[in-house]
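Read top to bottom, the protein sequences are chains E and S. Position 24 (the first sequence) corresponds to 24 in the numbering used here; numbering is contiguous. Position 106 (the second sequence) corresponds to 1106 in the numbering used here; numbering is contiguous. For glycine and all other residues, C-beta sits at the position ideal for the given N, C-alpha and C. Structure record follows, encoded as structure tokens.
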Amino acid sequence: MAITYGSKRLSVGAHYGLRDWLVQRLTAIVMALFTIVLLIQVIATKGPIGYETWAGIFASQWMKSITFATLVALIWHAWVGVRNVWMDYIKPDGLRLVFYLVTIFWLVACAGWGVQVLWRL
Amino acid sequence: MSETTKKRPEFRNINAFADLPSYRWPLAALVSGMHRISGLLLFILLPFIVWMLDTSVTSEISFARFTSIFSEGAGFLPGWFIKLVTLGLIWAYLHHFIAGIRHVYFDISHQTTKDRGRRTAAVTMILAFGLTAILGAKLFGLY
């Protein structure tokens, strides 16, 4: 177990091993299930998909809610994954911190946009 | 140590440009590397994905705009380029999805052998590229 206090504490890296591992899999399963639910509705449509059908899929309250849950799963999943990539390749601490902040900004901004799209529908 | 033992190269802090090309890339390593690249690609293109959701569901007019960028392009970007980016997205999604299932499968089955790693890696590659080809043909209007 890593020491998280005192002068010998480990102050580098993530060290959230099990939690991140589990989060990565659970959020992936949420996104996979969403993909299947969406795919079923697309395949169940007869003929070419026009605006009415496509927007109709996302218009129901339950679909909005699970799309939102998927969006949250997505940005959490992307945060764990992308942070790992930055930890591997971006060695200067200051620069890595900048990458972390930009990543969080990028994900939160996209999620906010997604929420806006869903709830004005 | 016997004289016949060949001295193997030792890697410490690897340099991506100097060392990576000299690495052996077995199939499983290639799938792993591509999992990372596809994830990063999806992350970078996330605003484009949200933009597609936005324009495709917001109104009849925006839906028409959504479909038109694939033929007429958007701004200075030609339509074929947007189709190419979308093809990249399709591959990235499929590869990331299938390689992810492979991971979960290993976690659940509690066993991995070198051979199974290689075989499932091959299945991942073939499925991802195969489905990308099928959907890509549709995207570029081959059927």
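Proximity below 8 Å, CB of A28(E) to CB of G1039(S): As a first step, residue 28(E) is located in the first sequence; it is residue number 28 there, counting from the start. As a first step, residue 1039(S) is located in the second sequence; it is residue number 39 there, counting from the start. No; because the gap between Cβ atoms is not below 8 Å, this pair is not in contact.
Simplified DSSP assignment, three categories, for L118(E): Position 118 of the first sequence holds residue 118(E). In the structure shown, L118(E) adopts helical secondary structure according to DSSP, grouped into three states.
Whole-angstrom distance between D93(E) and F1097(S), CA atom to CA atom: As a first step, residue 1097(S) must be located in the second sequence, where it is residue number 97. As a first step, residue 93(E) must be located in the first sequence, where it is residue number 93. When rounded, the distance between both Cα atoms is 32 Å.
Alpha helix (DSSP H) segments (min. 4 residues) lying fully within the segment 6 to 91 of chain E: The segment 6 to 91 of chain E contains these whole alpha helix (DSSP H) runs: 17 to 44, 51 to 59, 61 to 89.
Other residues of its chain near Y1093(S): CB distance less than 8 Å, five sequence neighbours each side excluded: Locating residue 1093(S) in the second sequence gives position 93, counting from the first residue. A distance below 8 Å between beta-carbons, with the five flanking residues on each side excluded, links Y1093(S) to the following residues of its chain, in chain order: S1038, L1042.
Extent of the continuous alpha helix (DSSP H) run through E1060(S): What you label residue 1060(S) is simply residue 60 of the second sequence in a count that begins at 1. For E1060(S), the enclosing alpha helix (DSSP H) stretches over residues 1060 to 1072.
Three-state secondary structure assigned by DSSP to L1089(S): Here residue 1089(S) corresponds to residue number 89 of the second sequence, with the count starting at 1. In the structure shown, L1089(S) falls within a helical segment according to DSSP collapsed to helix, strand and coil.
L121(E) at chain S interface by Cβ criterion, 8 Å: In the first sequence, the residue the question calls residue 121(E) occupies position 121. Judged by the 8 Å Cβ criterion, L121(E) is in contact with chain S.
Pair within 8 Å by beta-carbon distance, S1056(S) and F1063(S): On the second sequence, position 56 is the one that residue 1056(S) refers to. On the second sequence, position 63 is the one that residue 1063(S) refers to. Contact annotation: S1056(S) and F1063(S) have beta-carbon atoms nearer than 8 Å.
Any chain E beta carbon closer than 8 Å to G1141(S): If you number the second sequence from 1, residue 1141(S) lands on position 141. Not closer than 8 Å to any Cβ of chain E, the Cβ of G1141(S) fails to qualify, so no.
Any C-beta of chain E under 8 Å from that of G1100(S): Taking the second sequence and counting its residues from 1, one reaches residue 1100(S) at position 100. Yes, G1100(S) counts as interfacial toward chain E.
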